[in-house]
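Trainee:
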Amino acid sequence: MATKKMMLIEDEDDLRTLLEEYLKDNGLSVASFGSADKALPYWENNSSDIDLVLTDMRMPGTIDGIGFARAERAKGAHQPSIVMISGFEPPPRQMLQDLGITEFISKPFRISELSRLCANKLSTKA
1094 MATKKMMLIE
1104 DEDDLRTLLE
1114 EYLKDNGLSV
1124 ASFGSADKAL
1134 PYWENNSSDI
1144 DLVLTDMRMP
1154 GTIDGIGFAR
1164 AERAKGAHQP
1174 SIVMISGFEP
1184 PPRQMLQDLG
1194 ITEFISKPFR
1204 ISELSRLCAN
1214 KLSTKA
């Protein structure tokens, strides 16, 4: 079975490092970014290889997690599941659905909750 590939976009360095290590320890290939601005060029060159995107909602820069989801959907082609995490109130459900955001997890969260959700999303991509 091929290794599942995901993108992790999180501006909090400690959380990003923790999540990246945990996901890699669980057999995933992870491309990790501290901002959506840095993640977007990678996405544009590697989108067909990505199985799941895990992104923070609000981040500094010219685009945030919502902007990344919009840009990803605008490209059309391959559209993996997007899981959004945030310490802020989630946007309206319809907006999330329109952007292809399949799950929203509020911070703080349990890593077991996130792991279970990611495993579920990736198993449907088999």
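Mapping to our numbering: the sequence shown position 72 is 1165, numbers consecutive. We put the CB at the ideal spot given by N, CA and C, even for glycine.
For MET1152, report the span of its alpha helix (DSSP H) as first-last.
Mentor: If you look at MET1152, you'll find it isn't in any alpha helix (DSSP H); DSSP assigns it neither H nor E.
Trainee: Between the Cα of ARG1163 and the Cα atoms of ASN1139, LEU1189, ASP1142 and ALA1212, which residue gives the shortest distance?
Mentor: LEU1189
Trainee: Under the rule that 16 or more other beta-carbon atoms within 10 Å means buried, what is ILE1204, buried or exposed?
Mentor: Answer is exposed; the Cβ neighbour count stays below 16.
Trainee: If we ignore side chains and look at the alpha-carbon of each, how far apart do GLU1182 and SER1199 end up?
Mentor: 8 angstroms
Trainee: So, under 8 angstroms CB-CB, ILE1143 and MET1100 are touching, yes? Tell me the CB distance rounded to an integer number of Å.
Mentor: Right, the Cβ-Cβ distance comes to about 6 angstroms (below 8 angstroms), so this counts as a contact.
Trainee: Compare the C-alpha of ILE1159 against each of GLY1169, PRO1173, SER1141 and ILE1178 and name the closest.
Mentor: ILE1178
Trainee: Take ASP1130 and list the residues in its own chain whose beta-carbon comes closer than 7 angstroms to its own, dropping the five residues that flank it on each side.
Mentor: GLY1154, THR1155 and ILE1156
Trainee: What residue does the beta strand (DSSP E) around SER1174 start on, and which one ends it?
Mentor: Here the beta strand (DSSP E) through SER1174 covers 1174–1179.
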